[in-house]
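Colleague: Before I ask anything, let me first share the structure, which is written out below as structure tokens.
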Amino acid sequence: MNKIITLLRKDILLEIRQQYSFYGILLYVVSTIFVLYLAMGQPEGVVWNGLFWMMELFVCVNAVAKSFLQEGRGRMLYFYSIAGAVDFIVAKLLFNMAVMLVMSSVSVLLFWLLLGDPLAHMLQFVAMAVFGGTGLSLLFTFLSAIAARAQQNAALIAILGFPLIIPQLLLLMRLSNTAFSDVVQGGFYQIVLLLAGLDGLTVVLSIILFPFLWKD
Amino acid sequence: MLHRSWWKILGVALLLYAFVAGFIGPVPAKPILNETIRNLYFHVAMWFGMMIFFIVSLVYSIKYLRSGNLKHDWYAVEFANSGLLFGVLGLTTGAIWANYTWGKPWSNDIKQLGAAIAILIYFAYLVLRNSIPDLDKRARIGAVYNVFAFAMLFPTIWIIPRLVDSLHPGGMGNPAFNTKDIDSRMRLVFWPGAVPGWTLLGLWITSLRLRLKILEEKKLIS
Chain A
1 MNKIITLLRK DILLEIRQQY SFYGILLYVV STIFVLYLAM GQPEGVVWNG LFWMMELFVC
61 VNAVAKSFLQ EGRGRMLYFY SIAGAVDFIV AKLLFNMAVM LVMSSVSVLL FWLLLGDPLA
121 HMLQFVAMAV FGGTGLSLLF TFLSAIAARA QQNAALIAIL GFPLIIPQLL LLMRLSNTAF
181 SDVVQGGFYQ IVLLLAGLDG LTVVLSIILF PFLWKD
Chain B
217 MLHRSWWKIL GVALLLYAFV AGFIGPVPAK PILNETIRNL YFHVAMWFGM MIFFIVSLVY
277 SIKYLRSGNL KHDWYAVEFA NSGLLFGVLG LTTGAIWANY TWGKPWSNDI KQLGAAIAIL
337 IYFAYLVLRN SIPDLDKRAR IGAVYNVFAF AMLFPTIWII PRLVDSLHPG GMGNPAFNTK
397 DIDSRMRLVF WPGAVPGWTL LGLWITSLRL RLKILEEKKL IS
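One line per chain: the protein sequences are A and B, in this order. Our numbering applies: residue 1 is where the first sequence begins, and numbers increase by one. Our numbering applies: residue 217 is where the second sequence begins, and numbers increase by one.
Dropping the structure here:
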């Protein structure tokens, strides 16, 4: 437990000291949304929703991709000697969840500012965006670990991740569509439960499988 | 067991039975479906084959992670290859069938999407493997991705079709086909004939490819 906190602190400290990566992603979010605004103006609900989740996906790939790619071979060896594989992956999962929590909130805010406000339930949508964003970050954290071990770049993460994430994105879009109208749709909690289950499954699989990736 | 020939003969015999009884056997006359219902023996059997091979591939990946024996990794990748072959054939037979029943080969139906995603994932598995030059590393990372991808994808493929509307026979509910559409005469061809027949043929293909692969690797090592 202590090790996880230390590793997490190390990631946060690095983020605060280097800053460029956090602000880099932030700038990525802002410019993407600005380009979307220039291209689409203020679209209606369905388009708004679709654009939002596509942007979340790309932000997530970019934000999470570096989490393992930034760790050099030597540093990985160092972590290996001071902490276990499970501590390491849990710390990374938590850290990336936090990053996506911030990024999702910022994205919703910017979308609301620039692309208009077709939402009927703002708070509900924010909650779903955060829930979905953190879910995406869990999956891409593990894929980033795989890509880093394969000594590949972010492009491989997209190849590996996009087919895996489509079912989750479909569910998230269905879920968040409910925030655009007052009509109550059936199966709402079913989808929430399913997504939460998938998130749990990702965490469990990451913890089980990461030790195999780790050893060299 | 794989070196014996009885199961190959059995597979061919079952397929002959499935072809003969499948093309001239009696089928219920359903509106729209009509004679295209015979596609059940080919199209649906492909998906059964694909699922079985992907599950076998998963089992060998887990075995590889536990043992570190490269042979298990070869089994995993070859079964994934066969699963992919069956998946592509399943998608094609489905598209041909849909052309006559739905009016167009592709209509973004949730079941078509699910199948396409599954195929993309296994192509990604092959791409990932080929991107790693080191043999042991390739085997290990490939196995990890195989387990992860299977566990992430297939639950959703089994669950989402039950939540979303679909044109596919079975509609909302059964992901594969409508059990009420087919009658006992068709079941007699489908379950004992088509499903095991195609699966055995796929197993035969896989075993041949495996023998080739093992020969290649031996040449590489020596």
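Idealized CB from N, CA, C, for every residue including glycine. Model, not experiment: these values are computed from the prediction.
1) Just tell me which of B:S347, B:L351, B:R378 has its CA closest to the CA of B:N285.
2) Inspect the CB distances between the region 219-239 of chain B and the region 369-386 of chain B and report whether three or more fall short of 8 Å.
3) In three-state terms, what does DSSP make of A:Q151?
4) Name the two residues that bound the continuous alpha helix (DSSP H) containing B:P385.
5) What does the alpha-carbon distance come out to for the pair A:I33 and A:G45?
6) Identify, in the order they occur along the chain, each residue of the same chain with its Cβ nearer than 7 Å to the Cβ of B:Y280, setting aside the five sequence neighbours on each side.
7) Taking beta-carbon pairs under 7 Å, can you tell me which members of the region 301-316 of chain B lie near chain D?
8) According to DSSP, simplified to helix, strand and coil, what is B:R400?
9) Shortest alpha-carbon distance to B:I514 belongs to which of B:I312, B:T415, B:I437, B:K429?
10) Closer than 7 Å, Cβ to Cβ, to anything on chain A: give me those residues from the region 323-357 of chain B, in chain order.
11) Where does A:G72 sit, in a helix, a strand or coil, going by DSSP?
12) Would B:F366 pass as a contact of B:L274 if the rule is Cβ separation under 8 Å?
13) Between A:E56 and the rest of its own chain, which residues show a CB-CB distance below 6 Å, the 5 nearest in sequence each way excluded?
14) Output the distance between the C-alpha atoms of A:N177 and A:N49, rounded to the nearest integer angstrom.
15) Measuring only the C-alpha atoms, how far is B:L300 from A:I5?
16) Mapping the DSSP letters down to three states, classify A:G116 as helix, strand or coil.
17) Which term fits B:E294, buried or exposed, when burial requires 16 or more other beta carbons within 10 angstroms of its beta carbon?
18) List, in order along the chain, the chain A residues whose C-beta lies closer than 9 Å to that of B:A365?
19) Would you say B:T252 and B:T309 are within 8 Å of each other, going by their C-beta atoms?
20) With a threshold of 16 other CB atoms inside 10 Å of the CB of B:A229, please say whether the residue is buried or exposed.
21) Does the region 60-74 of chain A come close enough to the region 34-43 of chain A to have 3 or more Cβ pairs within less than 8 Å?
22) Determine the extent of the alpha helix (DSSP H) in which A:E44 is found, giving its start and end residues.
23) Between which two residues does the alpha helix (DSSP H) containing A:V203 stretch?
24) What does B:L281 touch in chain A if you count any residue whose Cβ is under 7 Å from its own?
25) For B:A410, which residues in the same chain have their Cβ closer than 6 Å to its Cβ, ignoring the five residues on either side in sequence?
26) Is B:I407 buried or exposed, if buried means 16 or more other CB atoms sit within 10 Å of its CB?
27) Are the CB atoms of A:I12 and A:F125 within a distance shorter than 8 Å?
28) Which bits of chain B does A:T202 rub up against, with CB to CB less than 8 Å?
29) Evaluate B:H219 with the Cβ neighbour count: other Cβ atoms within 10 Å of its Cβ, from every protein chain shown; 16 or more gives buried, anything less gives exposed.
30) What number of angstroms, rounded off, separates the C-alpha of A:F88 from the C-alpha of A:L8?
31) Measuring only the C-alpha atoms, how far is A:G161 from B:K434?
32) Would A:A155 be called buried (16 or more neighbouring beta carbons within 10 Å of its own) or exposed?
33) Any contact of the region 200-216 of chain A with the region 145-153 of chain A, i.e. 3+ C-beta pairs under 8 Å?
34) For a contact meaning CB atoms closer than 8 Å, what does A:R149 contact in chain B?
35) Per DSSP, what kind of secondary structure is A:P167 in: helix, strand or coil?
36) Check the Cβ of A:L77 against every Cβ in chain B and list those closer than 7 Å, keeping chain order.
Modeller: Quick answer:
1) For the purposes of this step, residue 285 of chain B is taken as the residue at position 69 of the second sequence. Cα-wise, what sits closest to B:N285 is B:L351.
2) With a cut-off of 8 Å, the region 369-386 of chain B and the region 219-239 of chain B do not count as touching, because too few Cβ pairs lie within range.
3) Walking along the first sequence from the start, residue 151 of chain A turns up at place 151. Three-state result, A:Q151: coil.
4) Numbered from its first residue, the second sequence carries residue 385 of chain B at position 169. The continuous stretches of alpha helix (DSSP H) do not include B:P385, and DSSP gives it neither H nor E.
5) The count along the first sequence starts at 1 and reaches residue 33 of chain A at position 33. The count along the first sequence starts at 1 and reaches residue 45 of chain A at position 45. Roughly 16 Å between the two C-alpha positions.
6) Here residue 280 of chain B is taken as the residue at index 64 of the second sequence, counted from 1. Around B:Y280: H288, D289, A292, A355, A359.
7) Of the protein chains in this structure, namely A and B, none is chain D.
8) For the purposes of this step, residue 400 of chain B is taken as the residue at position 184 of the second sequence. A small correction: the amino acid at residue 400 of chain B is Ser; Arg does not occupy that position in the sequence shown. Helix at B:S400.
9) With chain B covering only 217 through 438, there is no way to say anything about residue 514 of chain B.
10) Within the region 323-357 of chain B, the qualifying residues are I333, L336, I337, A340, V343, L344, S347, I348, R356, I357.
11) For this step, residue 72 of chain A is matched to residue 72 along the first sequence. Correct three-state label for A:G72: coil.
12) Taking the second sequence and counting its residues from 1, one reaches residue 366 of chain B at position 150. Taking the second sequence and counting its residues from 1, one reaches residue 274 of chain B at position 58. Result yes, Cβ atoms of B:F366 and B:L274 sit closer than 8 Å.
13) In the first sequence, counting from the first residue as 1, residue 56 of chain A sits at position 56. For A:E56, same chain residues with a beta-carbon under 6 Å away, outside a window of 5 residues either side, are G133 in chain order.
14) Residue numbering aside, residue 177 of chain A sits at position 177 when the first sequence is read from its first letter. Residue numbering aside, residue 49 of chain A sits at position 49 when the first sequence is read from its first letter. Inter-residue distance for A:N177 and A:N49 is about 7 Å (C-alpha atoms, whole angstroms).
15) Along the second sequence, read from residue 1 onward, the residue named residue 300 of chain B stands at position 84. Along the first sequence, read from residue 1 onward, the residue named residue 5 of chain A stands at position 5. A straight line joining the alpha-carbon of B:L300 with that of A:I5 spans about 43 Å.
16) Residue numbering aside, residue 116 of chain A sits at position 116 when the first sequence is read from its first letter. Under the three-state reduction of DSSP, A:G116 is assigned to coil, being neither helix nor strand.
17) What you label residue 294 of chain B is simply residue 78 of the second sequence in a count that begins at 1. Classification of B:E294: buried, given that the 10 Å Cβ count is 16 or more.
18) Taking the second sequence and counting its residues from 1, the one referred to as residue 365 of chain B is at position 149. Ordered by position in chain A, the residues that pass the 9 Å Cβ test against B:A365 are L160, P163, L164.
19) Here residue 252 of chain B refers to the residue found at position 36 when the second sequence is read from its first residue. Here residue 309 of chain B refers to the residue found at position 93 when the second sequence is read from its first residue. Contact: no.
20) Position 13 of the second sequence, counted from the first residue, corresponds to residue 229 of chain B. When all chains shown are included, B:A229 counts as exposed.
21) Cβ pair count under 8 Å is below three, so no.
22) Here residue 44 of chain A refers to the residue found at position 44 when the first sequence is read from its first residue. From DSSP, A:E44 is part of no alpha helix (DSSP H); its letter is neither H nor E.
23) In the first sequence, residue 203 of chain A corresponds to position 203, counting from 1. Segment 188-214, the alpha helix (DSSP H) holding A:V203.
24) The sequence position of residue 281 of chain B within the second sequence is 65, counting from 1. The answer, in chain order, is F212.
25) Position 194 of the second sequence holds residue 410 of chain B. Answer for B:A410: A234, Y257, A261, listed in chain order.
26) Stepping through the second sequence from its first residue, residue 407 of chain B is reached at position 191. Reading the sequence as shown, one finds Trp at residue 407 of chain B and not Ile. It counts as exposed.
27) As a working note, residue 125 of chain A is residue 125 in the first sequence. As a working note, residue 12 of chain A is residue 12 in the first sequence. No. Outside cutoff.
28) Position 202 of the first sequence, counting from 1, holds the residue named residue 202 of chain A. Taking a Cβ-Cβ threshold of 8 Å, the residues of chain B close to A:T202 are M368, in chain order.
29) Walking along the second sequence from the start, residue 219 of chain B turns up at place 3. B:H219 should be labelled exposed.
30) As a working mapping, residue 88 of chain A is identified with position 88 in the first sequence. As a working mapping, residue 8 of chain A is identified with position 8 in the first sequence. Spanning the two alpha carbons is a distance of roughly 9 Å.
31) Counting from one through the first sequence, the residue named residue 161 of chain A turns up at place 161. Counting from one through the second sequence, the residue named residue 434 of chain B turns up at place 218. Just so you know, the alpha carbons of A:G161 and B:K434 end up roughly 34 Å apart.
32) In the first sequence, residue 155 of chain A corresponds to position 155, counting from 1. Answer is exposed; the Cβ neighbour count stays below 16.
33) Output reads yes: the region 145-153 of chain A touches the region 200-216 of chain A.
34) Working through the first sequence from its first residue, we reach residue 149 of chain A at position 149. Result: K353, I357.
35) Looking up residue 167 of chain A in the first sequence gives position 167. In the structure shown, A:P167 sits in a helix (DSSP, three-state: H, G or I).
36) Mapped onto the first sequence, residue 77 of chain A falls at position 77. For A:L77, there are no C-beta contacts with chain B under 7 Å, since the nearest C-beta of that chain is about 15 Å from it.
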